[in-house]
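There are 2 protein chains.
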Amino acid sequence: MVTLRDVARAAGVSLATASRALSDAPHVSAGNREHVLRTADELGYRPHHAARSLTTGSTATVGLVVPDLANPFFAAVAKGVQARARETGREVLVADTDEDATLEQDVVGRLGARVDGLVLCSPRMPSDALATHAASGRVALVNREAPGAPSISFDIADGVRQAVAHLRALGHRDVAYAGGPRSSWSDAERRTALAGVTGGGTGDVLDLGSFRPTHGGGVQAADLALAAGATAVLCFNDLVALGVLARLHARGARTPQDVSVVGFDDVATAALVTPALTTVAVPLARAGREAVDLLGAGAIPDAPPAHRRLPVELVVRASTAPAPAGSSPTRTADPEVVIR
Amino acid sequence: MVTLRDVARAAGVSLATASRALSDAPHVSAGNREHVLRTADELGYRPHHAARSLTTGSTATVGLVVPDLANPFFAAVAKGVQARARETGREVLVADTDEDATLEQDVVGRLGARVDGLVLCSPRMPSDALATHAASGRVALVNREAPGAPSISFDIADGVRQAVAHLRALGHRDVAYAGGPRSSWSDAERRTALAGVTGGGTGDVLDLGSFRPTHGGGVQAADLALAAGATAVLCFNDLVALGVLARLHARGARTPQDVSVVGFDDVATAALVTPALTTVAVPLARAGREAVDLLGAGAIPDAPPAHRRLPVELVVRASTAPAPAGSSPTRTADPEVVIR
DNA sequence: GAACGAGTTGGAACCGGTTCCAGACTTTGC
DNA sequence: GCAAAGTCTGGAACCGGTTCCAACTCGTTC
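Going down the list, the sequences are from chains A and B.
In this text, residue positions in the first sequence follow our numbering: the first is 402, and each later residue adds one.
In this text, residue positions in the second sequence follow our numbering: the first is 402, and each later residue adds one.
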């Protein structure tokens with residue numbers, strides 16, 4: 402292994418000069434700089450990351466913590482984080498917490514010590530724990546908001562509004578919501594938005610309940626939607642929507658002729674299934690990129706952390722269509738479970 | 402920030418003793434060890450990773466390089482790598498190369514300097530470049546084999562055999578292969594296997610050509626399959642198979658009644674689409690885990706690198722069925738493009 | 001009672017860089 | 001022509017750990 406010492410010796414300069422030349426610092430003559438650079442190149446010198454990190458105190462690394470790397474939602478964010486980090490000369494240390502809030506906290510602690518900043522994507526830990534970690538000032542959140550930490554989230558309320566407006570415009574009166582986990586921050590956002598949007602006198606959205614945010618959760622929700630006589634189902638995310646689609650098909654209900662389905666997130670597969678899914682597209686990669694930039698912005702201490710909400714957009718595909726003509730004018734479900 | 406020096410001072414022992422106590426080394430009295438440990442805990446001591454790395458020469462980090470994090474194939478491998486690394490007390494530095502062979506080489510160089518070992522998943526770089534990097538002895542390959550580096554790959558030949566046998570058993574005589582990129586190592590493996598398996602006198606498999614390994618590639622292949630009168634299509638991977646499925650549906654061909662479709666990899670969505678995809682399941686997460694273990698096994702220098710092939714398994718779902726009764730006994734395609 | 005050895009202990013060197021500081025040299029201004 | 005200012009340069013301290021080595025303690029054995 403060739404060290405800076407070797408380069409300095411070969412170039413006939415001191416360690417200090419060699420260091421300055423290579424780190425592009427001032428106080429080196431043009432000739433010396435050039436010479437050192439060439440010598441380093443010839444010797445194949447590669448700076449020792451740990452050594453540099455030890456003195457400078459910076460690791461040139463960002464950490465990324467996600468609940469599940471194999472979930473396309475998080476994978477897309479990870480791709481954005483990774484791309485932006487590379488552009489800014491940093492590497493990415495990634496950790497998958499297997500959707501486990503306890504493991505997540507552990508991981509945040511361990512990873513936090515090794516990076517300049519940490520991007521937490523959809524953290525599962527409770528708010529108070531999150532606040533503790535946020536206090537370090539080196540944390541940025543994605544898809545969750547919390548008082549102490551800067552965050553990138555999505556304009557979920559607007560997405561819900563667009564989705565419901567779309568369905569209403571198609572004549573759907575019996576719209577149902579297949580919700581995500583109660584503990585989920587983003588499910589709470591959707592529900593709040595639904596409660597607001599339905600106040601317009603056009604009728605309420607039926608709450609089918611909370612389901613696991615998976616294909617299986619969607620299967621479960623689909624039966625409830627059929628039983629309730631809904632002609633349209635708005636889903637917590639695309640995975641749930643895919644489950645709804647599959648189950649409706651299996652039960653002989655046609656999509657979109659009999660029942661319309663709307664997803665959330667616009668994951669890659671949403672466009673590839675048949676019928677292609679109408680869904681609310683959220684800029685996942687962009688969120689990852691901006692979260693990385695948020696980490697660099699720790700310039701002004703005690704400034705209130707930035708909460709940025711990225712715009713979303715309903716993408717209309719083949720899973721939504723006008724409500725069937727003879728759809729029931731009266732609701733069959735218990736009014737108790739309506740979202741307010 | 403609390404350093405080892407602080408702990409030593411607070412515990413009333415020397416730096417050396419404190420270090421030994423915390424790294425669980427011998428030559429510390431039980432009393433002292435206990436006392437140091439407690440003091441460190443009270444002070445909230447966290448070892449400084451860069452400092453430790455500087456002296457020990459080990460980074461407790463593995464690097465992972467993948468062409469595309471958002472591709473579920475690589476995401477699954479990444480999850481395995483991540484899990485195994487955590488179990489063995491290491492972190493994962495991940496890099497996404499955007500399917501770019503040039504960027505990949507660059508990334509391997511930069512990442513390589515910061516990790517103890519590097520897992521290269523489906524590397525796109527040419528063999529000679531791969532050999533150069535493999536010479537460092539700290540590289541493990543996934544889904545590709547090369548002379549100089551240990552690797553984890555899949556028993557693709559067996560997968561192809563199982564898939565073709567399945568289709569033959571269903572009475573399909575006109576089986577077509579929708580191939581992946583010519584430069585792909587794993588496409589070459591599939592073709593070699595196809596050439597071998599079709600020699601059994603049961604007829605050849607028609608080569609539809611090479612397609613981008615995406616949904617779009619599958620759409621393209623589907624039209625060629627229909628034109629060639631194939632009753633079954635074996636696809637390079639699941640993404641291509643999904644494209645084939647979608648296009649067949651759009652063109653009014655029913656799956657599996659008219660045309661059967663088989664994928665490769667058993668990505669998560671394969672089971673979720675309608676009809677559910679028959680596909681060759683490969684143990685992706687396991688491959689990631691074992692690749693990490695391969696990195697630790699640099700014990701015997703100059704030992705020939707291990708090439709391990711993990712078993713695969715055909716998963717029969719709803720996209721394959723007996724060949725239609727009246728399928729043409731004669732082939733309409735040019736015999737030149739048959740795989741040999 | 002002295003020699004011996006095993007078990008502990010702390011001082012100091014070291015890992016590979018960055019940066020402060022003092023000194024040498026060059027340029028500029030009056 | 002000389003002082004002041006500025007530019008380069010290299011020695012050395014330092015970052016926070018690990019580990020070598022010498023010294024020291026104590027119990028054991030002859």
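Glycine is no exception: its CB is placed at the ideal position from the N, C-alpha and C atoms.
Values in this document were obtained by computation on a predicted structure and should not be read as measured data.
Asked	Found
Pairwise C-alpha distance: P706 (chain A) and V683 (chain B)	45 angstroms
The stretch 448-463 of chain B contacting the stretch 491-505 of chain B, beta-carbon criterion three pairs below 8 angstroms	yes
7 angstroms Cβ cut-off: residues of chain A touching I643 (chain B)	Checking the sequence shown, residue 643 (chain B) turns out to be Leu, not Ile. Going along chain A in sequence order, the residues near L643 (chain B) (Cβ under 7 angstroms) are L673.
Terminal residues of the beta strand (DSSP E) in which I656 (chain B) lies	For clarity, residue 656 (chain B) is Thr in the given sequence; the question names Ile instead. It is not in any beta strand (DSSP E) - T656 (chain B) carries neither H nor E in the DSSP assignment.
Contact set between D575 (chain B) and chain A, taken where Cβ atoms lie within less than 9 angstroms	Residues of chain A passing the Cβ test: none, with the nearest at roughly 24 angstroms.
Buried or exposed by the 16-neighbour rule on C-beta atoms within 10 Å, applied to A536 (chain A)	exposed
8 angstroms Cβ cutoff met for A692 (chain A) and A541 (chain A)	yes
Residue-level contact to chain A via CB, A471 (chain B), 8 angstroms cutoff	yes
Inter-residue Cα distance where the pair is S415 (chain A) and A451 (chain B)	25 angstroms
Of the listed residues B:H573, B:R574 and B:F637, nearest to W586 (chain B) (C-alpha basis)	B:F637
Three-way DSSP call (helix, strand, coil) for E714 (chain A) in this model	strand
Top-ranked residue by Cα proximity to F555 (chain A), from A:D469, A:G619 and A:R591	A:R591
Separation of G630 (chain B) from V738 (chain B), as counted between CA atoms	Low local confidence applies: a pLDDT of 47 at V738 (chain B) is under 50, so the model's placement there is unreliable, with the coordinate-based value given in what follows. Roughly 14 angstroms between the two C-alpha positions.
Where S454 (chain A) meets chain B, residues with beta-carbon distance less than 7 angstroms	A451
Where F474 (chain B) sits in the DSSP three-state scheme	helix
The stretch 708-727 of chain B in contact with the stretch 479-487 of chain B per 3-pair CB rule at 8 angstroms	no
Cutoff 8 angstroms: E492 (chain B) Cβ touching any chain A Cβ	yes
Closer than 7 angstroms at the beta carbon, the chain A residues around V520 (chain B)	By Cβ distance, chain A contributes nothing, its closest Cβ being about 13 angstroms from V520 (chain B), past 7 angstroms.
Candidates A:S720, A:H449, A:L595 and A:V606, of which the one nearest L512 (chain B) by Cα	A:H449
Residues of its chain near T721 (chain A), where Cβ-Cβ distance is below 8 angstroms and the 5 sequence neighbours each way are ignored	H567, L568, L571, A633, P657, S661, V662, V663 and T679
6 angstroms Cβ shell around A532 (chain A) - same chain, five flanking residues per side excluded	G549
Listed by chain order, chain A residues near H616 (chain B) by CB distance under 7 angstroms	L673
Check whether G560 (chain B) and V681 (chain B) have beta carbons under 8 angstroms apart	yes
Residues bridged to H708 (chain A) (per DSSP)	A:S552
Boundaries of the alpha helix (DSSP H) in which T748 (chain A) is found, first to last residue	The structure shown does not extend to residue 748 (chain A), since chain A is modelled only from 402 to 741, so the question has no answer here.
With 16 other Cβ atoms within 10 Å as the buried cut-off, status of E546 (chain A)	buried
Contact list for L405 (chain B) against chain A, beta-carbon separation under 9 angstroms	Ordered by position in chain A, no residue passes the 9 angstroms Cβ test against L405 (chain B), which lies about 13 angstroms from the chain.
E443 (chain B) - containing alpha helix (DSSP H), residue span	A431 to L444
Listed by chain order, chain B residues near H650 (chain A) by CB distance under 8 angstroms	T675
Chain-ordered neighbours of A647 (chain A) on chain B, where CB pairs are closer than 7 angstroms	L673 and T675
Per-residue contacts from Q621 (chain B) into chain A (C-beta, under 8 angstroms)	Neighbours of Q621 (chain B) on chain A: none; closest Cβ ~14 angstroms, over 8 angstroms.
Spatial neighbours of R690 (chain A) in its chain, beta-carbon cut-off 8 angstroms, leaving aside the 5 residues before and after	G481, V482, A484 and R485
8 angstroms Cβ cutoff, E505 (chain B) in contact with chain A	no
DSSP state of D575 (chain B) mapped onto helix, strand, coil	coil
Of the residues A:G610, A:P551, A:C522 and A:S528, the one placed nearest N544 (chain A), counting alpha carbons only	A:C522
S420 (chain B) versus L405 (chain B): straight-line alpha-carbon distance, rounded	7 angstroms
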